[in-house]
Amino acid sequence: MKTVKIALASTALTAIAGMALADAHATMADEMTVVSWGGAYQASQIGAYSDPYLAMHPEMTVIYDESSSEAVAKLRAMNEAGNITWDLVDVEAADAIRLCDEGLAMEVDVDDILAPAPDGSSASDDFGDSLISDCFIPQIVFSTTVGYRTDLVGDTPPTDICAIFDLETYPGQRSLNRNPLANMEWALLCDGVPKADIYDVLATPEGQDQAFAKLDTIKDSVIWWTAGAETPQLLADGEVVMGSTYNGRLFSAIAEQGQPIGMLWDAQMLDFDGWVIPAGLPEDRLARVLDFLYFATDTQRLADQAKYISYGPTRASSAPLVGNHGALGIPMAEHMPTDPANATNVFVTQYDFWADYRDDLDAKFQSWLAQ
Amino acid sequence: MADATANGLTAEPKSGPMMAADGRTLKSSLNRALRREKLRALALIAPLLIFVLVTFVAPIVDMLFRSVENQIVSETIPRTVDALADWDATSTEAPGEEVFASLYTDLVVAEEYKRHTRLGSRLNYELTGISSVFRSTGRSIGRFDTDIYTDQFIAADPAFEDPTQWSSWMADDGLRTALPLTADAYDAWVGIMVEVKEDDPLEEDIYDFVYTALYRDLAAGAVPAGMPSIDVSGFETVSLRELFIDEDDAWMNVEIWQTIKTYSPSYTDGYFLNAIDMRNGPDGAEWRPENEQLYIQLFIRTMWMSLAITGSCILLGYPIGWLLANLPARTANVLMILVLLPFWTSLLVRTSAWKVLLQQQGVINDILVWIGLVADDNRLVMINNATGTIIAMTHILLPFMILPLYSVMRTIPPSYLRAAKSLGATNWTAFWRVYFPQSVPGIGAGSILVFILAIGYYITPEIVGGTKGVFISNRIAYHISSSLNWGLAAALGSILLILVLALYWAYDRLVGIDNVKLGG
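Protein sequences, first through last, are from chains A and B. Residue numbers for the first sequence follow the numbering used here, beginning at -4 and rising by one. Residue numbers for the second sequence follow the numbering used here, beginning at 8 and rising by one.
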């Protein structure tokens, strides 16, 4: 009897759901809350995506919330409270995987909801490898790479990543990210592990010890940062001779502020940043988000973003459209991490590896730091 | 009437309780009046009390409760947890077909509800690598070769393809009892249809896992009355154990099963063990390897650095408090504004200012080099370590020490000191024997404020603490906002709360909490 009742109820539910779906296309919410990182990056999104979208939809308001750095925790809290106030959230790829695993982000089929490339190839082909999670809609490629003080490295500016570990040629402090990502890979690479084997080695306790032993050699000369803005500041103050940070920060320090800083592209750690849609949005808000996303992730819009900031578009079809810097007028293509001249030796962050090992390696890394 | 009175008087026992006018004892009558008073007082504070309970106490209790909660395992894979009860956790071999068959049903259902990855992340806190095992198995579980059962049942009798037929079978209590696994799987499938797919279970094709359950029931010798009788002994079979191991050979790993079994109860001490650098091993709780130990060290560091900050606040705040209390009101007011000024400046600005001052190429080092106190290549390291944290936090918390000191010192009459001196005390004796004891309540109040604030601080240590100057609260913040390990964060928070309460208790025993004054 029970199952029959469920069956009958389900028929009714199906009918209601059908009506709701049909209704959704008619109404879209007039307000949308977008969560991003603030600063120059958010400004680039406003310039490239929301301002043109608002010009097409003057009745709309877009509210920006600068909470991306704590998006994972806040989304979980909202989900538990049953009140999702965000419509679209900009997160790093690793966080997108975490949100997807936790069921806090909506799974999407990019071919269904995003525009195809201008040549007609499907969105999934156009985005290619940047589709690292079922919930993730990629926007930009950025990289963690190394900048150095041109006046403090003598006549032999560093050309490869292992300069970080070379205290003899480049004495002085260096600044590195206070988490294992990138540091462990670079340590193994500079300890002679072939690039192709690095993640296999890092998965073993011996490999982890090897990486820590390599990091031990410079431990006393490292200032550990937690915010991307710290390295450019430390470089500008002359506090460190070199340090890792995001390539866009270095571009801004070099090109926009004219600091005596040079940058390395060697062994840059490529990473993606993009959108996730919170799970459980009401129909009208979801319809608006999908409409905005279709526009904001098309080939031209992604290329436009590079006018404001030196992060590369994730669509292959956007790359040829990247133009000049909006204020400085310099061509931006050569400042993209994905530019062929810069991408001779790159790491693509192994998300599956880090999803498994992040908790464990982070515990070991913090314990190592505290010793 | 007179008799009655006389009787009443004589009847009154000599040592009995006093009676009130209404015949009750005086004591209970008084109690009643007092209780009414108390209730009225309670009613007056009720709105505030309820507000505090609902918005403050309840969320904290809820959050702390997460440190032991572990229902996720038994809710996501209930059948596997049941089946694992018979498996010997000390064995060297992964469990048998029965457990894998239960896991198959559980994972198909969990995948539909998108719950399997959440369980994977939960278990990954305990055993590195489980997260991807659940993610990849979940991705392929829908493609397992169990459709051979579906095909064979349908080939044997087309009635097995009809969802309406299934619905009437599964409404039959006799059949449900005869086919427990099938009934359970069918109910789960109806749940998926209604709750996830929002489809009509009377029109959709039954999923493979229901047929697999039916095969298991029949192979175990069930005799269903009212269903077409099928002889399954000739069926082509497939081993779910092998399917799982083909998909990811990690399923052969005994450790995974030990972890699942260890963490299958609804409540766990795992988070608390983790918070004190221990873990649940096969033989009970054990210490983590040395290279993973972190938290005890951080707790100790948080304690002694908070004490150091409290101590330096007393040293710096006491003279200022004294000055404020003894200067003429006009000058004291100006000084008071200087004390309060930091409250009106952003915390981040104040902390970043310390960076500029203390770093190696910073203002202080530059001055020291310029006057020749330190060599240029040997500049002092004053930031990104414990020193930096103590300096910056002392600055930030100083007003919390000065204000209670000031308000207590203002109430100490200056005539006491004069009297002591006129009786022949030296300046020091007068201060130490007469003035200082009266200012102790201010020190106590200031110390409690500063210490408790310091213990929970995390922004300042994060910015200026480097690696040797961060607190336990930085790790709590990390687990809340980055790793999403709220259970561990809650356990660390609970331990911190218990430590603070224990210190408060110790303070009460040593100094006496009555001896604390926040104001005159």
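Here a beta-carbon is modelled for each residue, glycine too, at the ideal position from N, C-alpha and C.
Residue of the options minimising C-alpha distance to residue i
i, options, result
"I487 of chain B", "A:M51, A:L230, A:Q263 and A:S64", "A:S64"
"I585 of chain B", "B:G431, B:Y214 and B:E82", "Coverage of chain B is limited to positions 8 through 527, which leaves residue 585 of chain B absent and any answer about it impossible."
"D60 of chain A", "A:L281, A:S31, A:A182 and A:Q366", "A:S31"
"M310 of chain B", "B:V106, B:D206 and B:F458", "B:F458"
"T269 of chain B", "B:D191, B:Q78, B:V518 and B:A484", "B:Q78"
"N340 of chain A", "A:I193, A:E87, A:T80 and A:W260", "A:W260"
"L345 of chain B", "B:G324, B:E202, B:L114 and B:D284", "B:G324"
"Y44 of chain A", "A:I156, A:W270 and A:G275", "A:W270"
"R169 of chain A", "A:D195, A:A231 and A:V343", "A:A231"
"I249 of chain A", "A:S117, A:N78, A:R144 and A:A24", "A:R144"
"V75 of chain B", "B:Y218, B:L517, B:G500 and B:W329", "B:G500"
"A220 of chain B", "B:R183, B:P208 and B:E202", "B:R183"
"S174 of chain B", "B:L504, B:P208, B:A65 and B:R43", "B:P208"
"Q295 of chain A", "A:L109, A:V103, A:A100 and A:M55", "A:L109"
"I237 of chain B", "B:Y278, B:Y156, B:S138 and B:W264", "B:Y156"
"M23 of chain A", "A:D347, A:G142, A:A282 and A:D46", "A:A282"
"E254 of chain B", "B:R73, B:G277, B:V217 and B:V140", "B:V140"
"Q361 of chain A", "A:A68, A:V105 and A:N174", "A:N174"
"Y218 of chain B", "B:G181, B:F443 and B:T244", "B:T244"
"D129 of chain A", "A:D96, A:V317, A:I156 and A:Y306", "A:D96"
Within chain A, the residues that residue i reaches when beta carbons sit closer than 7 angstroms
i, result
"G494 of chain B", "By Cβ distance, chain A contributes nothing, its closest Cβ being about 12 angstroms from G494 of chain B, past 7 angstroms."
"N131 of chain B", "D351 and D354"
"K121 of chain B", "G98"
"L301 of chain B", "A358, Q361, S362 and A365"
"Q367 of chain B", "E234"
"G136 of chain B", "D351"
Bounding residues of the beta strand (DSSP E) (the contiguous stretch that carries residue i)
i, result
"W294 of chain B", "G291 to W294"
"L126 of chain B", "It is not in any beta strand (DSSP E) - L126 of chain B instead sits in the alpha helix (DSSP H) that spans H123 to N131."
"M285 of chain B", "M285 to G288"
"L259 of chain A", "I256 to V271"
"V188 of chain A", "Taken as a continuous stretch (DSSP letters only), V188 of chain A belongs to no beta strand (DSSP E), as it is neither H nor E."
"Y274 of chain B", "From DSSP, Y274 of chain B is part of no beta strand (DSSP E); its letter is neither H nor E."
Cross-chain neighbours of residue i in chain B, by beta carbon under 8 angstroms
i, result
"Y363 of chain A", "Looking at the sequence itself, residue 363 of chain A is Trp, so the reference to Tyr does not match. Ordered by position in chain B, the residues that pass the 8 angstroms Cβ test against W363 of chain A are N298."
"V67 of chain A", "S488, S489 and L491"
"E97 of chain A", "T124, R125, S128 and L491"
"R93 of chain A", "S128 and L491"
"I218 of chain A", "N391 and G473"
Continuous alpha helix (DSSP H) stretch holding residue i: start and end
i, result
"T420 of chain A", "In the structure displayed, chain A extends from -4 to 366; residue 420 of chain A sits before or after that span and is not available."
"R71 of chain A", "A66 to A76"
"D46 of chain A", "D46 to M51"
"T157 of chain B", "D154 to A163"
Amino acids of chain A, ordered along the chain, whose beta-carbon sits closer than 8 angstroms to that of residue i
i, result
"E469 of chain B", "T221"
"Q304 of chain B", "A365"
Within chain A, the residues that residue i reaches when beta carbons sit closer than 9 angstroms
i, result
"G476 of chain B", "What G476 of chain B touches in chain A: nothing, since even the nearest Cβ is about 11 angstroms away."
Proximal chain B residues relative to residue i, where beta-carbon distance stays under 7 angstroms
i, result
"D347 of chain A", "S139"
Contact set between residue i and chain B, taken where Cβ atoms lie within less than 9 angstroms
i, result
"R71 of chain A", "L491 and W493"
*Can you check the segment 379 to 454 of chain B for any alpha helix (DSSP H) of at least 4 residues that lies completely inside it and give the ranges in chain order?*
Counting only runs of 4+ residues, the alpha helix (DSSP H) found wholly inside the segment 379 to 454 of chain B occupies 393 to 416 and 421 to 429, in chain order.
*Give, in chain order, every unbroken run of the alpha helix (DSSP H) that is at least 4 residues long and sits entirely within the segment 105 to 173 of chain A.*
105 to 108 and 118 to 122, all fully within the segment 105 to 173 of chain A.
*Which residue spans inside the segment 213 to 258 of chain B form an unbroken alpha helix (DSSP H) run of at least 4?*
Runs of the alpha helix (DSSP H) inside the segment 213 to 258 of chain B: 215 to 226 and 247 to 254.
*Kindly confirm or deny that the segment 218 to 230 of chain A and the segment 238 to 258 of chain A touch, where touching means at least three C-beta pairs closer than 8 angstroms.*
Judged by Cβ distances under 8 angstroms, the segment 218 to 230 of chain A makes contact with the segment 238 to 258 of chain A, as three or more pairs qualify.
*Does the segment 180 to 190 of chain A come close enough to the segment 205 to 212 of chain A that 3 or more CB-CB pairs lie under 8 angstroms?*
Judged by Cβ distances under 8 angstroms, the segment 205 to 212 of chain A makes contact with the segment 180 to 190 of chain A, as three or more pairs qualify.
*Counting pairs of beta carbons, one from the segment 278 to 297 of chain A and one from the segment 147 to 157 of chain A, are three or more of them closer than 8 angstroms?*
Not touching, per the Cβ criterion.
_Pairs of beta-carbons, one from the segment 63 to 83 of chain A and one from the segment 311 to 329 of chain A, closer than 8 angstroms: are there three or more?_
Contact between the segment 63 to 83 of chain A and the segment 311 to 329 of chain A is not established, with fewer than three Cβ pairs separated by less than 8 angstroms.
*Examine the Cβ distances between the segment 354 to 369 of chain B and the segment 392 to 411 of chain B and report whether three or more of them are shorter than 8 angstroms.*
Output reads yes: the segment 392 to 411 of chain B touches the segment 354 to 369 of chain B.
*Can we say the segment 146 to 154 of chain B touches the segment 102 to 122 of chain B, given the rule of at least three CB pairs closer than 8 angstroms?*
Flag = yes, the segment 146 to 154 of chain B and the segment 102 to 122 of chain B touch.
_Validate contact between the segment 201 to 213 of chain B and the segment 163 to 171 of chain B using beta carbons, cut 8 angstroms, 3 pairs_ = Enough Cβ pairs lie closer than 8 angstroms, so yes.
_Ranges of the alpha helix (DSSP H) found wholly within the segment 315 to 375 of chain B, counting only runs of at least 4_ = Complete alpha helix (DSSP H) runs here, min 4: 336 to 347 and 354 to 365.
_I want to know whether the segment 419 to 429 of chain B touches the segment 386 to 398 of chain B - three or more CB-CB distances under 8 angstroms._
Note that the segment 419 to 429 of chain B does not touch the segment 386 to 398 of chain B; fewer than 3 beta-carbon pairs, one per stretch, sit closer than 8 angstroms.
*Should the segment 305 to 312 of chain A be regarded as contacting the segment 120 to 139 of chain A, the criterion being three or more beta carbon pairs within less than 8 angstroms?*
Result yes; three or more Cβ-Cβ pairs closer than 8 angstroms.
*Pairing CB atoms from the segment 278 to 285 of chain B with CB atoms from the segment 117 to 130 of chain B, are three or more of them under 8 angstroms?*
No: the two stretches stay apart, fewer than three of their Cβ pairs being nearer than 8 angstroms.
_Within 8 angstroms, do at least three Cβ pairs link the segment 359 to 370 of chain B to the segment 335 to 351 of chain B?_
Touching, no, given that fewer than three Cβ pairs across the two stretches are closer than 8 angstroms.
*Are the segment 440 to 458 of chain B and the segment 506 to 523 of chain B in contact at 8 angstroms, needing three or more beta carbon pairs?*
The segment 440 to 458 of chain B, when compared against the segment 506 to 523 of chain B, does touch it at the 8 angstroms Cβ threshold.
*asked:* Taking contact to mean 3 or more Cβ pairs, one atom from each stretch, closer than 8 angstroms, check whether the segment 180 to 195 of chain B and the segment 227 to 245 of chain B are in contact.
replied: In short, these stretches touch, since the Cβ pair count reaches three.
*Would you call the segment 262 to 279 of chain A and the segment 79 to 93 of chain A in contact, with 3 or more CB pairs under 8 angstroms?*
Cβ pair count under 8 angstroms is three or more, so yes.
*Please confirm if the segment 404 to 420 of chain B is in contact with the segment 475 to 483 of chain B, defined as three or more CB-CB distances below 8 angstroms between the two stretches.*
They do not touch, by the three-pair rule.
*Those runs of the alpha helix (DSSP H) which lie wholly inside the segment 60 to 97 of chain B and span at least 4 residues*: Those alpha helix (DSSP H) runs which fall completely within the segment 60 to 97 of chain B and span 4+ residues are 65 to 72, 78 to 83 and 85 to 91.
*asked:* Within 8 angstroms, do at least three Cβ pairs link the segment 328 to 336 of chain B to the segment 465 to 474 of chain B?
replied: As far as the Cβ criterion goes, the segment 465 to 474 of chain B does not touch the segment 328 to 336 of chain B, which means the pair count is below three.
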